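Q:
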Amino acid sequence: MSSNLRVGFLIVRLDDIQPAKVKSLDEVRDDIAAKVKHEKALDAYYALQQKVSDAASNDTESLAGAEQAAGVKATQTGWFSKDNLPEELNFKPVADAIFNGGLVGENGAPGINSDIITVDGDRAFVLRISEHKPEAVKPLADVQEQVKALVQHNKAEQQAESGC
2 MSSNLRVGFL
12 IVRLDDIQPA
22 KVKSLDEVRD
32 DIAAKVKHEK
42 ALDAYYALQQ
52 KVSDAASNDT
62 ESLAGAEQAA
72 GVKATQTGWF
82 SKDNLPEELN
92 FKPVADAIFN
102 GGLVGENGAP
112 GINSDIITVD
122 GDRAFVLRIS
132 EHKPEAVKPL
142 ADVQEQVKAL
152 VQHNKAEQQA
162 ESGC
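Count along the sequence shown from 1, add 1, and you get the number used in the working numbering.
Structure, rendered in structure tokens:
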């Protein structure tokens, strides 16, 4: 066998042909069973996701339909801000939906349910903001002691640095 190349000829000699090795069914049975089981689990997961998504979009007043479709109870968090997201919600797509996703209605009223948000391939969220408080400056009376302590601490540091 030879082939015409740009710089000359390539000559190849075939000395032996080995037939392909096919594994027996006994050798691959466990692998096939595991793959089928995994694919069935994924199919069931995606079907459940679709069911939950449909329920969440059909019930715009609450997550009750999504809870029923998923067979789990919705979890309610305490108050948090962008800077202190609860660990169970600390995923970029979830944070984006909470703070940029239009889930809050006019004047901070509860808005709509989110679409399904999938993270890490095997976690899915449907979010609903039940109450929203806009960021605000706390009244001085609420933070006066903290401010005093911070000012005293800063003065003490300055004195320590200047050696007085």
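Backbone N, C-alpha and C fix where the C-beta goes; we use that ideal spot for every residue, glycine too.
These numbers were taken from a predicted model, which means no experiment stands behind them.
Can residue 113 and residue 61 be called in contact, C-beta distance under 7 angstroms?
A: yes
Q: For residue 133 versus residue 95, is the C-beta spacing smaller than 7 angstroms?
A: no
Q: Please state whether DSSP places residue 33 in a helix, a strand or coil.
A: DSSP places residue 33 in helix when its eight states are reduced to three.
Q: So, are the CB atoms of residue 45 and residue 127 less than 7 angstroms apart?
A: Not closer than 7 angstroms, so no.
Q: Who are residue 125's beta bridge partners in DSSP?
A: 119
Q: Run the CB neighbour count on residue 18, radius 10 Å, all protein chains shown included, and call it buried at 16 or more, exposed below.
A: By the Cβ neighbour-count rule, residue 18 is exposed, with fewer than 16 other Cβ atoms within 10 Å of its own.
Q: So, residue 50 versus residue 117, is the Cβ gap smaller than 7 angstroms?
A: yes
Q: Quick one: grab the DSSP three-state call for residue 111.
A: Looking at residue 111 - three-state DSSP - the assignment turns out to be strand.
Q: How many angstroms separate the CA atom of residue 26 from the CA atom of residue 38?
A: Those two C-alpha atoms are separated by around 17 angstroms.
Q: Going by Cα to Cα distance, which pick from 84, 86, 89 and 135 is closest to residue 1?
A: Residue 1 is absent from the model: the chain starts at 2 and stops at 165.
Q: Taking all protein chains shown into account, do 16 or more other C-beta atoms lie within 10 angstroms of the C-beta of residue 11, making it buried, or fewer, making it exposed?
A: exposed
Q: Please state the DSSP three-state secondary structure of residue 105.
A: strand
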